[in-house]
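K.L.:
Before I ask anything, let me first share the structure, which is written out below as structure tokens.
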Amino acid sequence: MAPISLGPSPVVVGLDIGTDHIRVAQVKPVGGSFMLTGYAMVSVPMGAVVEGEIVDVEAVAASVREMVRSSGLHPRDCTIGVSNQKVVVRLIDLPYMERSELQGAIQYQAQDYIPIPIEDAILDFQIIGDYMTSTDEHMMEVLLVAAQRDMIGNAVRAVEEAGLRLQQIDVTSFAIVRALMGASTSVLPDEADEAGEATGIIHISAGLTNIAVVEKGIPRFTRVSALAGNQFTQAIANSLNLTFDEAEDLKLRVGLPDINQHGQSDFPSDIDPVRAQTAQDALEREVSKFIAEVRRSLDYYLTQATQVRTIRKILLTGSGAQLRFLAGYLEKGLQAEVKLADPLSWIQVAPQAATLVQADRMGAVAAIGLAMGGMTT
Ligand SMILES: Nc1ncnc2c1ncn2[C@@H]1O[C@H](COP(=O)(O)OP(=O)(O)OP(=O)(O)O)[C@@H](O)[C@H]1O
Ligand SMILES: [Mg+2]
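Structure representation (structure tokens):
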């Protein structure tokens with residue numbers, strides 16, 4: 000006999016807590032892929048999350064509760080992402096050992112690689128692969144994750160106070176990679192990729208940019224930068240002496256100039272052209288800094304990498320990636336093919352989730368990847 004159902008069956012949802020928005024996504028596996036079965040988002044009170052860190056636990060918990068209530072979803076368990084300066088991901092090479100042995104050894108080894116005192120950190124690791132050196136030493140590559148305990152504590156408390164059970168904590172950039180590239184390497188549309196090439200991923204949101212480098216579907220490098228959408232807005236506010244909200248409005252409407260249309264600006268007719276030009280100039284300066292920052296990260300990766308020598312393709316995501324003509328600037332500045340990436344291009348979307356997620360196509364990626372991660376463990 001089938002068990003008696005007490006309402007909707009509990010499912011795992013992905014919860015993405017950001018500076019501007021909290022998002023929830025629910026997925027289910029279908030065939031070799033996924034279907035998005037629920038989606039919602041809510042604004043975060045100003046200052047409750049700063050550069051990816053929850054500072055006001057109560058306010059975040061209240062927002063999560065409100066979002067879940069109004070979403071019509073009935074999640075019990077959730078998986079959350081963390082992404083801020085207090086999470087560090089490092090690819091390290093160690094002499095080969097069994098997984099069980101590594102578990103113990105990593106505690107002693109980790110401090111050499113991470114800037115957080117080991118006693119204040121929560122550690123996790125993933126074995127990426129093993130190889131023989133030219134001198135016949137058996138080595139292994141390990142992706143080490145260290146997160147500061149206090150920061151994790153706030154995230155856990157916010158979720159629990161919202162009435163959810165925390166099933167898993169993930170690194171947000173891993174979730175972004177998963178949502179864009181598939182849950183496992185077997186579904187990777189990667190066959191055309193030549194050996195020695197990596198893909199860069201840039202996810203721009205309000206308070207943070209997540210930069211990642213992926214090889215054969217596996218994230219091998221990730222870093223966050225505080226140069227993101229809010230900084231672009233702030234640069235406009237400073238240059239025109241505007242409030243943040245006024246500058247935000249101007250940013251969305253003016254964007255960057257089209258680099259292929261030298262000197263030909265087409266501003267909305269109700270905006271004073273001098274003002275629009277000043278805003279664009281401020282944005283251009285900020286985007287130059289942004290490009291330099293991304294390039295530093297990618298160059299760092301390339302100097303560390305043993306085999307890969309080029310990053311020819313970059314996937315651009317996050318709400319902030321919608322800045323008009325940004326992709327063209329990045330393409331030129333980073334000397335790579337830059338494409339706007341969209342998780343909805345390879346997963347199915349159930350009718351009840353379609354309207355909400357389509358309105359947030361670029362912003363949805365982390366929540367979707369977190370939900371997928373919750374399914375696959
Ligand atoms: N059309 C657009 N053009 C330029 N920027 C945009 C556009 N739409 C949204 N943004 C920017 O995207 C940012 C909001 O992104 P999002 O809601 O994903 O942030 P978040 O997930 O809350 O923050 P974070 O993850 O960084 O803590 C804002 O800076 C906003 O200005
Ligand atoms: Mg975000």
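Going by numbering that gives the first Met the number 0, the sequence shown opens with residue 0, and the numbers climb by one from there. Don't be surprised by glycine CBs; every beta carbon is placed ideally from N, CA and C.
Would you say residue 15 touches ligand 2, meaning its beta carbon is less than 7 Å from a heavy atom?
P.N.:
The sequence position of residue 15 within the sequence shown is 16, counting from 1. Flag set: Cβ of residue 15 near ligand 2.
K.L.:
Look up residue 374 in the DSSP assignment and say whether it is helix, strand or coil.
P.N.:
The sequence position of residue 374 within the sequence shown is 375, counting from 1. Three-state result, residue 374: helix.
K.L.:
According to the Cβ coordinates, are residue 364 and residue 53 closer than 8 Å?
P.N.:
By one-based count along the sequence shown, residue 364 stands at place 365. By one-based count along the sequence shown, residue 53 stands at place 54. For residue 364 and residue 53, no; Cβs fall outside 8 Å.
K.L.:
What residues in its chain sit with their C-beta under 8 Å from that of residue 297, if we drop five residues either side in the sequence?
P.N.:
Mapped onto the sequence shown, residue 297 falls at position 298. Cβ neighbours of residue 297 beyond the five flanking positions: 199, 210, 212, 310 and 333.
K.L.:
Let me check you understand the geometry: is the CB of residue 48 closer than 7 Å to at least one non-hydrogen atom of ligand 1?
P.N.:
In the sequence shown, the residue the question calls residue 48 occupies position 49. Residue 48 Cβ: within cutoff of ligand 1.
K.L.:
So, at 8 Å on beta carbons, what are the nonlocal neighbours of residue 303 in its own chain, with the 5 sequence-adjacent residues on each side left out?
P.N.:
On the sequence shown, position 304 is the one that residue 303 refers to. Closer than 8 Å at the Cβ level, and outside the excluded window around residue 303, lie 90 and 220.
K.L.:
Among 278, 240 and 116, which residue has its Cα nearest to the Cα of residue 252?
P.N.:
In the sequence shown, the residue the question calls residue 252 occupies position 253. If we check each option's Cα against that of residue 252, 278 comes out closest.
K.L.:
Using DSSP with H/G/I as helix, E/B as strand and the rest coil, what is residue 317?
P.N.:
Residue 317 sits at position 318 when you count from the first residue of the sequence shown. Coil.
K.L.:
Tell me, please, whether the stretch 109-124 touches the stretch 33-52 by the rule of three or more beta-carbon pairs shorter than 8 Å.
P.N.:
The stretch 109-124, when compared against the stretch 33-52, does not touch it at the 8 Å Cβ threshold.
K.L.:
Please look up how many angstroms separate the CB atoms of residue 78 and residue 169, rounded, as I've assumed it's under 8 Å.
P.N.:
The count along the sequence shown starts at 1 and reaches residue 78 at position 79. The count along the sequence shown starts at 1 and reaches residue 169 at position 170. Indeed they touch by this definition, with Cβ atoms about 6 Å apart.
K.L.:
Could you tell me if the beta carbon of residue 285 falls within a distance shorter than 7 Å of some heavy atom in ligand 1?
P.N.:
Locating residue 285 in the sequence shown gives position 286, where the first residue counts as 1. Flag unset: Cβ of residue 285 not near ligand 1.
K.L.:
Indicate the three-state DSSP secondary structure (helix, strand or coil) for residue 133 in the structure shown.
P.N.:
On the sequence shown, residue 133 is found 134 positions in, with the first residue counted as 1. Reduced to three states, the DSSP call for residue 133 is coil.
K.L.:
State the beta-bridge partners of residue 311 as determined by DSSP.
P.N.:
Translated into the one-based positions of the sequence shown, residue 311 becomes position 312. For residue 311, which the question treats as bridged, DSSP gives no partner whatsoever.
K.L.:
Can you grab the Cα-Cα spacing for the pair residue 371 / residue 67, in whole Å?
P.N.:
What you label residue 371 is simply residue 372 of the sequence shown in a count that begins at 1. What you label residue 67 is simply residue 68 of the sequence shown in a count that begins at 1. Cα to Cα, residue 371 sits roughly 18 Å from residue 67.
K.L.:
Can you tell me whether DSSP reads residue 171 as helix, strand or coil?
P.N.:
As a working note, residue 171 is residue 172 in the sequence shown. DSSP places residue 171 in helix when its eight states are reduced to three.
K.L.:
Going by other Cβ atoms of all chains shown within 10 Å of its Cβ, with 16 needed for buried, is residue 120 buried or exposed?
P.N.:
Translated into positions along the sequence shown, residue 120 becomes position 121. When all chains shown are included, residue 120 counts as buried.
K.L.:
Do you know whose CA, among 239, 284 and 29, lies nearest residue 272's CA?
P.N.:
For the purposes of this step, residue 272 is taken as residue 273 along the sequence shown, with counting starting at 1. With distances taken between Cα atoms, residue 272 lies closest to 239.
K.L.:
I'd like the list of long-range same chain contacts for residue 129, defined as Cβ closer than 8 Å, with 5 residues on each side in sequence excluded.
P.N.:
The sequence position of residue 129 within the sequence shown is 130, counting from 1. Excluding residues within five positions, the ones whose Cβ falls inside 8 Å are 95, 137, 138, 139 and 140.
K.L.:
I'd like to know whether the C-beta atoms of residue 179 and residue 314 end up nearer to each other than 8 Å.
P.N.:
Numbered from 1 along the sequence shown, position 180 holds the residue referred to as residue 179. Numbered from 1 along the sequence shown, position 315 holds the residue referred to as residue 314. Taking 8 Å as the Cβ cut-off, residue 179 and residue 314 qualify as a contacting pair.
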